[in-house]
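Step one of this worksheet: look at the structure below.
Shown next, in the form of structure tokens:
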């Protein structure tokens, strides 16, 4: 037999490396360095703006749909092109279903294993776990036989010595605190979530014609033809198939996931003390309800210094506060700007690489450092939930209140809203956003069906490109936070194109004023019980849901390497 | 017999996208039997769960770092695939191996998995394959056609 040595090939957005200095069991300094995607404009320059979305959805394997949506919105914005209502609703349903899918996968299949000990779950008692489940909700799948079958399956899996997905978990780590029955209940939902996320993906596949790369978008609308009587189009039958899938999703999101997250939050209440970091929160409104993008189902905006009373809403696709507020700095990134500009607006964005090794006080990352109104900002579900809450969005208030109530009941003490500014807060906010998105998905389905019933079958407005230069931006509140695409079009061809992605906001290095990015700031004062097993660092980084591969590199106060851990 | 031919890779990074280019070429050059589905999976992981679940056979076309010149085509099955995956993944990186492990957990893993890999040369920004890898793509298509012919009705070459 021939022996073959095989290495992985990096294919998602790039590697993320976190360096931490640890002193006295706490993180004292942190650096986030990434080889984030750079240079999409090099592929797009000179191309037809109507095709940009086909290429942008290849930027990242986790977030295909979101880059497609942001791209068509940017080009439509440049042309002042209105989008028919049906097209908005269909896009909104894709956005919402994708978001629900993403949040379920993040919690159960990415983040939960930092908190839930699978090996301890094997010691759990199915009757005890079922009883615990019953105190939290009447979720029907929390039955003793269901839970026992999951435990048996896990036992077989672990006994086979082939741990697969569970292979490099930190089982038995001193920071793992859940009792076996709680671990078993969460593990049961972990397995169920594998099925449930398929349901969410089916909705995207039906509307988008295909996953993982949707095919139905167009600058000016969608290519789904609507005809209640034809088999080859979006028929009533298909719409009712989608409705059944939405209902199935809701049972799990509202009755299992929300409670699991509340319980984990309550039993790890100490983690509400860590990980706040940057508390300027930026989110954008999404799910447009008119053809121009001036009213939205979900609000968004800016909260400075965690003060909800200072919330400033972003109100339309023309919003100047957002448009003029975004810049990117490269003082600590491996680029240089012509004329040594401190920060550039995306329309003027440049990608001139200047790599010269990792310098703690100089350049150390391929990620640029975005700022909003010249300040660092955190993006993601926490920013979005706080923004929607500050805007008075009723469903957000309702779901957040419910989650905090369940968590307070489990903890046996009232948990204040301020606990959200933390590592656990980011995970809790993601569950709340998932519940809000699920409700929005139901609403958007109803809006689409009602609009079709009125006899409106339009899904597309033809774009017309003027001579000369036009500029546009498109934003989207993606599962990991604010995504914006910026396009400059000259004589109908792309002249410049910049994507400012959520992980750029959160995983970025220090900015032009040496202010740390959200990951870096959130890691300060994190406890680290065992530098060889830096589970606590992973908890905080994973709470942001980084969609990039991650290597955590720990350095002690004398800067001797202690451990290199592949984190993701 | 339900078979999925899955192309993986990032087409924006030249040869990194060879897996996707292989399935595109396969579809362009051959008429496939009804029980064979082809999917451009891009760089997705968990999004593919539904398509991969409960297949009799999964054939993955992909770029692999392996010994040998650029464009070399490698066929992996069973133990060798385990090796490929074990060097690559952990609980937090949901790629293909996690997908397969997750499917094993719910008893829906494909019965057989074969990887047809091509050694890449150029992973920089761009949409074109380098010449050696383009030859590798064609060789990989022929290998997949052989594979399918052993599993069931043979694909038929389209007339050009």
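Protein chains in written order, with our numbering: chain E, 829 to 1396; chain D, 19 to 178. Each residue gets a CB set at the ideal place from its N, CA and C atoms; glycine is no exception. Please read all numbers here as calculations on a predicted model, not as lab measurements.
Check	Outcome
Can you give the Cα-Cα distance for residue 943 of chain E and residue 1369 of chain E, rounded to whole angstroms?	13 Å
Quick test of your reading: residue 1048 of chain E and residue 894 of chain E, contact by CB under 8 Å. State the CB separation rounded to the nearest angstrom.	That pair is no contact at about 19 Å.
Return the chain-ordered list of same chain residues with a C-beta closer than 7 Å to the C-beta of residue 978 of chain E, the five sequence neighbours on each side being excluded.	1015, 1016 and 1019
So which of E/1179, E/858 and E/1359 has the shortest CA-CA distance to residue 1166 of chain E?	E/1179
Per the contact definition of three or more C-beta pairs closer than 8 Å, is the region 1129 to 1136 of chain E in contact with the region 1351 to 1361 of chain E?	no
Contact defined as beta carbons within less than 8 Å: I believe residue 1161 of chain E pairs with residue 1251 of chain E. What is the distance between those atoms, to the nearest angstrom?	In fact, because the Cβ distance is near 26 Å, the residues do not count as touching under 8 Å.
Please report the straight-line C-alpha distance between residue 1241 of chain E and residue 1226 of chain E, rounded to a whole angstrom.	20 Å
What separation, rounded to the nearest whole angstrom, lies between the Cα atoms of residue 941 of chain E and residue 998 of chain E?	8 Å
Considering only the alpha carbon of each residue, which of E/1136, E/1163, E/1232 and E/1169 lies closest to residue 1216 of chain E?	E/1136
By the DSSP assignment, the beta strand (DSSP E) with residue 75 of chain D in it spans what residues?	75 to 81
Figure out for me which residue from E/884, E/1260, E/1341 and E/1281 has the closest Cα to the Cα of residue 1307 of chain E.	E/1260
Under 8 Å, CB to CB, which of the residues in the region 1022 to 1039 of chain E have a partner in chain D?	1022, 1023, 1025, 1026, 1029, 1030, 1033 and 1039
What in chain E is Cβ-close to residue 59 of chain D, meaning under 7 Å?	1040
Should residue 1274 of chain E go down as buried or exposed, given a rule of 16 or more other Cβ atoms within 10 Å for buried?	exposed
Can you name, in chain order, every residue of its own chain whose Cβ lies under 7 Å from the Cβ of residue 92 of chain D, other than the five neighbours on each side?	82, 84 and 135
What's the C-alpha gap between residue 175 of chain D and residue 861 of chain E?	49 Å
For the alpha helix (DSSP H) that residue 57 of chain D lies in, which residues bound it at each end?	From DSSP, residue 57 of chain D is part of no alpha helix (DSSP H) but of the beta strand (DSSP E) over 54 to 60.
Is DSSP giving residue 1286 of chain E helix, strand or coil here?	coil
Who are the Cβ neighbours of residue 1120 of chain E in its own chain at under 6 Å, not counting the five residues just before and after it?	910
Say whether the region 1037 to 1045 of chain E touches the region 1100 to 1113 of chain E, bearing in mind that this needs 3 or more beta-carbon pairs closer than 8 Å, one atom from each stretch.	no
Spatial neighbours of residue 35 of chain D within its chain, please: C-beta separation below 7 Å, excluding the five flanking residues on both sides.	27, 28 and 29
Quick check: is the beta carbon of residue 120 of chain D nearer than 8 Å to any beta carbon in chain E?	yes
What number of angstroms, rounded off, separates the C-alpha of residue 1279 of chain E from the C-alpha of residue 898 of chain E?	24 Å
For my contact list, residue 1203 of chain E and residue 1157 of chain E are in at a C-beta cut-off of 8 Å; report their separation, rounded to the angstrom.	At roughly 11 Å, the Cβ-Cβ gap does not stay under 8 Å, so residue 1203 of chain E and residue 1157 of chain E are not in contact.
Which residue comes first and which comes last in the alpha helix (DSSP H) that contains residue 177 of chain D?	Taken as a continuous stretch (DSSP letters only), residue 177 of chain D belongs to no alpha helix (DSSP H), as it is neither H nor E.
Taking beta-carbon pairs under 7 Å, can you tell me which members of the region 1058 to 1083 of chain E lie near chain D?	none
Going by other Cβ atoms of all chains shown within 10 Å of its Cβ, with 16 needed for buried, is residue 1256 of chain E buried or exposed?	buried
Pick out the complete alpha helix (DSSP H) segments inside the region 1081 to 1154 of chain E, 4 residues or longer, and give them in chain order.	1086 to 1095 and 1148 to 1153
Cα separation between residue 172 of chain D and residue 906 of chain E?	50 Å
Excluding the 5 residues flanking residue 145 of chain D on each side, which residues of the same chain have their C-beta closer than 6 Å to its C-beta?	none
Give me the chain D residues within the contact set of residue 892 of chain E, using Cβ-Cβ distance strictly less than 9 Å, ordered along the chain.	60, 61, 62 and 65
Exposed or buried, which one is residue 72 of chain D when buried takes at least 16 other CB atoms within 10 Å?	exposed
Looking at the structure shown, is residue 125 of chain D part of a helix, part of a strand, or coil, going by DSSP?	coil
Quick one: is residue 937 of chain E near chain D, going by C-beta distance under 8 Å?	yes
Residues of the region 21 to 34 of chain D with a CB closer than 7 Å to any CB of chain E: list them in chain order, please.	27, 28, 29, 30 and 34
Apart from the five residues just before and just after residue 1087 of chain E, which ones in its own chain have a Cβ nearer than 7 Å to its Cβ?	964, 965 and 1234
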